[in-house]
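Undergrad:
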Amino acid sequence: MLKKLIVFLLIATLGYTLAVTLSSIPIGKNRIGSIENPETVAAYYLDKSPNDLKVANTITAVVVNFRGFDTLGEVSVLFLAATGLASILYRKEEEEEEENIRHISHRLNLPSSSLVQTGAKILFPLIIVLGIYVFIHGHLTPGGGFQGGAIIATGFLLMLVSYKGFETNHKVMVWLESLAGLGFVGVGVFGLVKYGSFLQNTGWTGNLNDLISGGLIPLIYIFVGIKVATELTNILDILLNIKPRKK
Amino acid sequence: MDIIHEILKYIGLVFILIGSIFLFLGALGIYRMPDLYNRLQAGTKASTLGAMSVILGVGLLQPFWLIKLIIIIIFIGFANPLSSHALARASYRAGIKPCCDKEIDSYGKAVEKQLKKIQKKLKNLTD
Chain X
137 MLKKLIVFLL IATLGYTLAV TLSSIPIGKN RIGSIENPET VAAYYLDKSP
187 NDLKVANTIT AVVVNFRGFD TLGEVSVLFL AATGLASILY RKEEEEEEEN
237 IRHISHRLNL PSSSLVQTGA KILFPLIIVL GIYVFIHGHL TPGGGFQGGA
287 IIATGFLLML VSYKGFETNH KVMVWLESLA GLGFVGVGVF GLVKYGSFLQ
337 NTGWTGNLND LISGGLIPLI YIFVGIKVAT ELTNILDILL NIKPRKK
Chain Z
34 MDIIHEILKY IGLVFILIGS IFLFLGALGI YRMPDLYNRL QAGTKASTLG
84 AMSVILGVGL LQPFWLIKLI IIIIFIGFAN PLSSHALARA SYRAGIKPCC
134 DKEIDSYGKA VEKQLKKIQK KLKNLTD
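Chains as they are written, first to last, in the working numbering: chain X, 137 to 383; chain Z, 34 to 160.
Next comes the structure, spelled out in structure tokens:
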């Protein structure tokens, strides 16, 4: 009874707070202002990204151009997360022996059916193509590097789950990841050297809605897409195949 | 031309109606059915047909999108049964028993045979 009362009180408090907060939001009112007469920074972005940068997707312009340095930080946070996960899940050999047998048995007990295997084989290339499409068209359509990378990682997850023997090539993955990260930083340094500030976009922007437009934005998103895809795939691979260290 | 457009529009609306009825029945099935397997089959069959029908209806309303939407329909028809098959198989092997009929279980015997084989393999591996 007391429990129910406490729960009720909590919900009532939460509801009251939410109601007060929501009632103070002027829903339906134009708070951005017009493009000719910008009142907020949002109007500035909405004006600047299609007209000056020639990027149809304003979110991409904000993420990659206006606050590109922050995106670089986000990518490195993901990298740190992957590294931390790998270092935690890497166990020493003494504890490993019994664990390893359990691991083998776990994988042997669950061979996925031929239906799933065939389906995964058909779906895998389609998923990879979709992911690449999403991050190449990041400046034109909704989505971008992070989303495309996550889609590619789901493709690899499908293969890892449905095939026992499927293994990603770690060397290639690590190289791709490092090169993509270097590429991002390299684009930033290019802007620093040529135009005087880090991640400065080029003056050349092309036409609105072209595949090759927006200066350096598509290039950066391709790097981000490759980096996110390889990092997430590495995380999934580590989680699914915890292997003993060899002396 | 206009008449064809009008006819297509009404056919599309009928398809959307059928699809939404099936989607509602699928939701009802998930709520009403007694155990996991019944729920899976109600959810998958009804929602696959419902989603396909709704998407086809939208395609008839907007013929410009029809090719893309047909590709989506093929994808749903391919992926939805596959995922429900995988879910049902995995949950059977994880030990979830069907609720009502305990006497007929032909898949269980096959699974036991497979498991015995695998255990033999495991013994060979560990020795």
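From the three backbone atoms N, C-alpha and C, an ideal C-beta is built for every residue, glycine too.
Just to make sure I have the definition right: I need the residues of chain Z whose C-beta is within less than 8 Å of the C-beta of residue 321 (chain X). Which are they?
TA: Correct list: empty, because the minimum Cβ distance to chain Z is about 38 Å.
Undergrad: In three-state terms, what does DSSP make of residue 55 (chain Z)?
TA: DSSP places residue 55 (chain Z) in helix when its eight states are reduced to three.
Undergrad: Would the beta-carbon of residue 123 (chain Z) fall within 8 Å of that of residue 259 (chain X)?
TA: Their beta carbons are not under 8 Å apart, which means residue 123 (chain Z) does not touch residue 259 (chain X) by this criterion.
Undergrad: Can you give the Cα-Cα distance for residue 40 (chain Z) and residue 98 (chain Z), rounded to whole angstroms?
TA: Each residue's alpha carbon lies about 17 Å from the other.
Undergrad: Give the residues from the stretch 115-141 of chain Z that approach chain X closer than 7 Å (Cβ to any Cβ), ordered along the chain.
TA: Within the stretch 115-141 of chain Z, the qualifying residues are 115, 118, 119, 122 and 126.
Undergrad: Taking the straight line between their C-alpha atoms, what separation do you get for residue 100 (chain Z) and residue 110 (chain Z)?
TA: Rounded to the nearest angstrom, the two C-alpha atoms are 15 Å apart.
Undergrad: Taking the alpha-carbon positions, what's the residue 67 (chain Z) to residue 76 (chain Z) distance?
TA: The alpha-carbon atoms of residue 67 (chain Z) and residue 76 (chain Z) are separated by roughly 13 Å.
Undergrad: Would DSSP call residue 273 (chain X) helix, strand or coil?
TA: Coil.
Undergrad: Skipping 5 residues on each side, what residues in its chain have a beta carbon closer than 8 Å to that of residue 188 (chain X)?
TA: If we look at residue 188 (chain X) and ignore the five residues flanking it on each side, its Cβ neighbours are 341.
Undergrad: Please list the partners that residue 249 (chain X) has in chain Z, where partner means a Cβ-to-Cβ separation under 9 Å.
TA: Within 9 Å Cβ-Cβ: 118, 119 and 122.
Undergrad: Taking the beta carbon of residue 205 (chain X) as the centre, do at least 16 other beta carbons fall within 10 Å, making it buried, or is it exposed?
TA: Exposed, since its Cβ has fewer than 16 Cβ neighbours within 10 Å.
Undergrad: Spell out whether any CB of chain X is found under 8 Å from the CB atom of residue 112 (chain Z).
TA: For residue 112 (chain Z), the answer is yes, since a Cβ of chain X falls inside 8 Å of its Cβ.
Undergrad: Look at the Cβ atom of residue 365 (chain X), then the Cβ atom of residue 220 (chain X), and state whether they are nearer than 8 Å.
TA: Not in contact: residue 365 (chain X) and residue 220 (chain X) (Cβ atoms no closer than 8 Å).
Undergrad: For the candidate residues X:330, X:275, X:139 and X:314, whose alpha-carbon lies nearest to that of residue 348 (chain X)?
TA: Closest option to residue 348 (chain X), Cα to Cα, is X:275.
Undergrad: Find the nearest neighbour of residue 336 (chain X) within the set X:309, X:343 and X:351, judged by alpha-carbon distance.
TA: Considering only alpha carbons, the answer is X:351.
Undergrad: On the three-state DSSP scale, how would you describe residue 34 (chain Z)?
TA: Note: residue 34 (chain Z) maps to coil in three-state DSSP.
Undergrad: What did DSSP end up calling residue 81 (chain Z) once you bin it into helix, strand or coil?
TA: Three-state result, residue 81 (chain Z): helix.
Undergrad: Threshold first: 4 residues or longer. Then list the alpha helix (DSSP H) segments lying entirely within the stretch 278-322 of chain X, N to C.
TA: Within the stretch 278-322 of chain X, the complete alpha helix (DSSP H) runs of at least 4 residues are 281-298.
Undergrad: Assign residue 314 (chain X) to buried or exposed, taking buried as 16 or more other Cβ atoms, counted over all protein chains shown, within 10 Å of its Cβ.
TA: Its Cβ having fewer than 16 others within 10 Å, residue 314 (chain X) is exposed.
Undergrad: Closest by CA to residue 320 (chain X), which one among X:181, X:146, X:201 and X:186?
TA: Of the candidates X:181, X:146, X:201 and X:186, the one whose C-alpha sits nearest the C-alpha of residue 320 (chain X) is X:201.
Undergrad: DSSP three-state label for residue 203 (chain X), please.
TA: Residue 203 (chain X): coil per DSSP, three-state reduction.
Undergrad: Of all the CB atoms in chain Z, is at least one closer than 8 Å to the CB of residue 270 (chain X)?
TA: Output row for residue 270 (chain X): interface = no.
Undergrad: If we ignore side chains and look at the alpha-carbon of each, how far apart do residue 225 (chain X) and residue 372 (chain X) end up?
TA: Going by the C-alpha atoms only, they are around 12 Å apart.
Undergrad: Using a Cβ-Cβ distance under 8 Å, would residue 265 (chain X) count as near chain Z?
TA: It does not: the Cβ of residue 265 (chain X) has no partner Cβ on chain Z nearer than 8 Å.
Undergrad: Do residue 353 (chain X) and residue 197 (chain X) have their C-beta atoms within less than 8 Å of each other?
TA: Yes, Cβ-Cβ distance for residue 353 (chain X) and residue 197 (chain X) is below 8 Å.
Undergrad: Along the chain, where does the alpha helix (DSSP H) that runs through residue 147 (chain Z) open and close?
TA: Its alpha helix (DSSP H) spans residues 139-159.
Undergrad: Let me check you understand the geometry: is the CB of residue 53 (chain Z) closer than 7 Å to at least one non-hydrogen atom of the ligand PLP?
TA: The model depicted lacks the ligand PLP and carries no ligand whatsoever.
Undergrad: Identify, in the order they occur along the chain, each residue of the same chain with its Cβ nearer than 7 Å to the Cβ of residue 131 (chain Z), setting aside the five sequence neighbours on each side.
TA: Excluding residues within five positions, the ones whose Cβ falls inside 7 Å are 68 and 70.
Undergrad: Can you give the Cα-Cα distance for residue 43 (chain Z) and residue 289 (chain X), rounded to whole angstroms?
TA: C-alpha separation (whole angstroms): 42 Å.
Undergrad: Can you list the residues of chain Z that residue 294 (chain X) reaches, using a CB-CB cut of under 7 Å?
TA: Near residue 294 (chain X) there are no residues of chain Z at all, since even the closest Cβ is about 10 Å away, more than 7 Å.
Undergrad: Quick one: what's got a C-beta closer than 8 Å to residue 299 (chain X)'s C-beta in the same chain, skipping five residues either side?
TA: Here the set comprises 248, 253 and 256.
Undergrad: What first and last residue would you give for the alpha helix (DSSP H) that runs through residue 154 (chain X)?
TA: It spans 138-159 - the alpha helix (DSSP H) in which residue 154 (chain X) sits, taken as one unbroken run.
Undergrad: Where does residue 212 (chain X) sit, in a helix, a strand or coil, going by DSSP?
TA: In this structure, residue 212 (chain X) counts as helix in the three-state DSSP scheme.
Undergrad: Which word fits residue 367 (chain X), buried or exposed, when buried means at least 16 other C-beta atoms lie within 10 angstroms of its C-beta?
TA: Result: buried.
Undergrad: Quick check: residue 194 (chain X) and residue 180 (chain X), are their CB atoms within less than 8 Å of each other?
TA: No, they are not a contact pair.
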